[in-house]
Structures are given as structure tokens and as C-alpha cells.
Amino acid sequence: MNDAESLFARKIIGHLDQGAAELRSGTLYRLQQARARALAGVDRVPVSSTEMAVAGAGGRSPGRPGLQLTPTRWLGAVLLLGALAFGYQQWHAMQEVREFEELDLHLLASDLPIDAYLDRGFQNWLRTTFDY
Amino acid sequence: MVLALAASGAQAQITLKSPAWNELSEPDRKVLAPLASDWNNLDGQRKQKWMGLAKRYPTLAPDEQQRIQRQMQEWSRLTPDQRNAARERYKSLKALPPEKKDEVRQKWQEYQSLPPDQKRELAAKPPPPRASGRPPPQPLRTPAPAPAPAGQ
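Following this line, the structure appears as C-alpha cells:
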């Protein structure tokens with residue numbers, strides 16, 4: 001800010017101060033009331049998701065109430081956990097399916113019959129005559 | 001609630017899609033034909049496994065396809081324990097070098113020609129301890145296997 005701008009700014013401040021000083025007491029009172037109502041309204045503005053995340057992480061927005069655990073939120077949390085558990089067990093079951101699919105495909109296609117893997121006599125005989 | 005979630009995990013196999021035989025595609029039905037009579041008794045997890053196998057079936061060599069077709073029904077009628085035992089043995093044999101695998105195949109042929117009494121005697125013996133000290137998987141099939149419920 002150069003000198004000319006500073007001078008201009010000081011003139012504006014002077015005019016504003018003079019104007020404020022000349023306000024009637026009734027006008028001043030109404031302005032104070034309006035300011036108080038405006039500040040009270042700020043607390044009723046819904047908390048944004050970012051602010052909720054901050055509050056959940058241990059922080060808390062100044063002048064705001066904390067996250068209330070209402071029954072609806074509890075229900076939401078339970079449903080979310082249920083959905084996660086369901087998703088996990090589906091994923092786990094599919095992993096198992098893929099593992100068996102891969103293994104069984106090669107086992108059934110192998111040139112040894114199923115009996116070779118299950119016959120106790122062959123297993124005993126193999127172990128006594130073959131080093132593996 | 002945690003217990004309920006854990007219990008639902010144990011029932012994972014029934015939550016997978018379980019299509020009836022007539023809901024399968026024509027190519028899948030053709031590949032899985034040996035399982036047609038047992039299909040509707042299989043659970044969702046087993047059906048999904050067989051359907052996945054059917055999808056990969058066309059990529060196999062003709063002789064492998066024949067072997068699968070031949071063994072599919074027998075495999076599905078094993079007990080879960082027998083299937084797991086066979087899988088364990090398959091994995092241990094699969095890890096052998098190629099020349100050893102050939103030797104195992106040859107040994108199987110030789111074993112086929114043993115007299116029945118000798119086979120029974122071998123089957124009656126307890127399984128020898130493994131070199132790794134790990135107990136061998138159980139159970140093994142004895143000469144007269146009992147039919148088991150259909151499975152994966």
C-alpha cells in the first residue's frame with residue numbers, strides 16, 4: 001500500500017467513525033440486536049462433512065456442539081458395520097471358491113486318477129519305495 | 001451384534017448365488033453334465049466353483065478335458081475330508097521335479113499290478129511319518145469306499 005492509498009484509507013476510517021459516533025442510541029441498540037441474532041444463527045448452520053470429520057478425529061469446531069449419537073446415527077453405524085461384514089464374508093467365500101477352482105481343475109485334469117491321491121495302500125507303498 | 005456378524009461369516013457359503021441346473025448356460029450344462037443329478041443338492045459355494053471350472057474348461061487340452069469329465073462325478077461324491085486329503089497330496093506331488101512326477105506315475109502303474117492281498121496289507125498299515133515331521137492328511141481311502149454326499 002503506497003502513501004496515497006494509506007491516506008485514502010485513513011479518510012474512509014475517519015468518515016465511518018464520525019458516522020458511527022453520530023448514530024442515535026436507538027439505532028445503535030437495533031444494530032446490536034441484529035448482530036446478536038446473526039451470531040446466534042451461526043450455531044444453527046448444519047455442520048459440513050469436513051467439520052464432522054475434524055470433530056470425529058478428536059477435534060471440535062469452536063463454539064459448536066459435539067457429534068450427537070442419536071438412535072438414527074447408531075442404526076446407521078450398525079447397518080454400515082453389517083454391510084462391511086457381509087462384504088467381507090462374500091469376498092472371503094469367493095477367494096475360497098477361486099482357490100478350490102484352481103486346485104480342483106488341475107487335480108482332476110492331472111494324469112493320476114483321484115484314487116492315486118486317496119488310496120492309503122498306494123501312499124504307504126510309495127513312501128516305502130520312493131523317496132520324495 | 002459382533003457375535004451375529006461372526007456367525008454370518010460362518011454361513012458365507014450359502015450367501016453366494018446358487019443357480020438351479022436349468023438356470024445354467026448351455027455350455028456350462030454341457031461341461032457339467034456328469035453333475036446334473038447332484039447339482040441341485042450342492043451349496044452356492046460349490047456351484048460357483050464348478051461354474052468357474054466350466055468357464056476354464058475350453059482352455060484345456062482335449063485329454064485333460066476327458067480326464068475331468070471322467071472324474072467329476074466321483075470327485076463331487078467324496079466327503080469334504082477326502083477332497084481336502086486329495087488336495088493336500090496333489091499339492092505335495094505337484095511340487096516334485098518333472099522326473100519325479102514321471103516316477104510317481106510309473107509307481108502307480110506298478111501298484112495297480114500288485115496282488116489284492118498285498119494292497120490290502122499296505123492299506124491296513126498306518127501311514128509312515130513324513131520327513132518334515134508334519135502328520136499326513138487324513139483320511140485316506142481304503143479299498144472299499146463308502147458313497148458320500150455330493151460336494152465341491
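As you go down the protein sequences, you meet chains A and B in turn. Counting from 1, position 16 in the first sequence corresponds to residue 16 in our numbering; the numbering is continuous, with no gaps. Counting from 1, position 146 in the second sequence corresponds to residue 146 in our numbering; the numbering is continuous, with no gaps. Where a beta carbon is used, it is the ideal one built from N, C-alpha and C, also for glycine. In this text the structure is predicted, and so the values were computed from the model without any measurement.
query, result
"Cutoff 8 Å: residue 117 of chain A Cβ touching any chain B Cβ", "yes"
"Straight-line gap, residue 88 of chain B to residue 88 of chain A (C-alpha atoms, nearest Å)", "26 Å"
"Simplified DSSP state of residue 43 of chain B, which is helix, strand or coil", "coil"
"Beta-carbon gap between residue 47 of chain B and residue 76 of chain B smaller than 8 Å", "no"
"The segment 49 to 63 of chain B in contact with the segment 90 to 109 of chain A per 3-pair CB rule at 8 Å", "yes"
"C-beta neighbour in chain B for residue 72 of chain A, strict 8 Å", "no"
"Where residue 85 of chain B meets chain A, residues with beta-carbon distance less than 8 Å", "117 and 118"
"8 Å contact criterion, which residue 118 of chain A and residue 124 of chain B should meet: CB distance rounded", "With a Cβ gap of about 16 Å, residue 118 of chain A and residue 124 of chain B do not count as contacting."
"Residues near residue 23 of chain A by beta carbon distance below 8 Å, same chain, minus five either side", "31"
"Chain B within 8 Å of residue 124 of chain A, Cβ atoms only", "yes"
"Extent of the continuous alpha helix (DSSP H) to which residue 68 of chain A belongs", "Run containing residue 68 of chain A: none; DSSP gives neither H nor E here."
"Reference residue 16 of chain B; option with closest CA among B/26, B/33, B/32 and B/42", "B/42"
"Backbone CA spacing between residue 121 of chain B and residue 124 of chain A [nearest angstrom]", "10 Å"
"Simplified DSSP state of residue 3 of chain A, which is helix, strand or coil", "helix"
"The segment 54 to 65 of chain B touching the segment 69 to 87 of chain A, judged by at least three CB pairs closer than 8 Å", "no"
"Selection of the segment 45 to 78 of chain B by Cβ proximity to chain A, strictly under 7 Å", "45, 48, 49, 52, 53, 56, 60, 64, 67, 68, 71, 72, 74 and 75"
"For residue 24 of chain B and residue 73 of chain B, believed in contact at Cβ under 8 Å, the rounded distance", "In fact, because the Cβ distance is near 16 Å, the residues do not count as touching under 8 Å."
"Min CB distance residue 79 of chain A to chain B below 8 Å", "no"
"Buried or exposed (CB count within 10 angstroms, at least 16 for buried), residue 110 of chain A", "buried"
"Proximity winner among B/27, B/40, B/31 and B/82, relative to residue 116 of chain A (alpha-carbon distances)", "B/82"
"Residue range of the unbroken alpha helix (DSSP H) whose run includes residue 22 of chain B", "Where residue 22 of chain B is concerned, there is no enclosing alpha helix (DSSP H), given that its DSSP letter is neither H nor E."
"Candidates B/103, B/20, B/84 and B/106, of which the one nearest residue 101 of chain A by Cα", "B/84"
"Near-chain B residues of the segment 89 to 109 of chain A (beta-carbon distance less than 8 Å), N- to C-terminal order", "89, 90, 92, 93, 94, 96, 97, 98, 100, 101, 103, 104, 105, 106, 107, 108 and 109"
"Extent of the continuous alpha helix (DSSP H) to which residue 119 of chain B belongs", "116 to 124"
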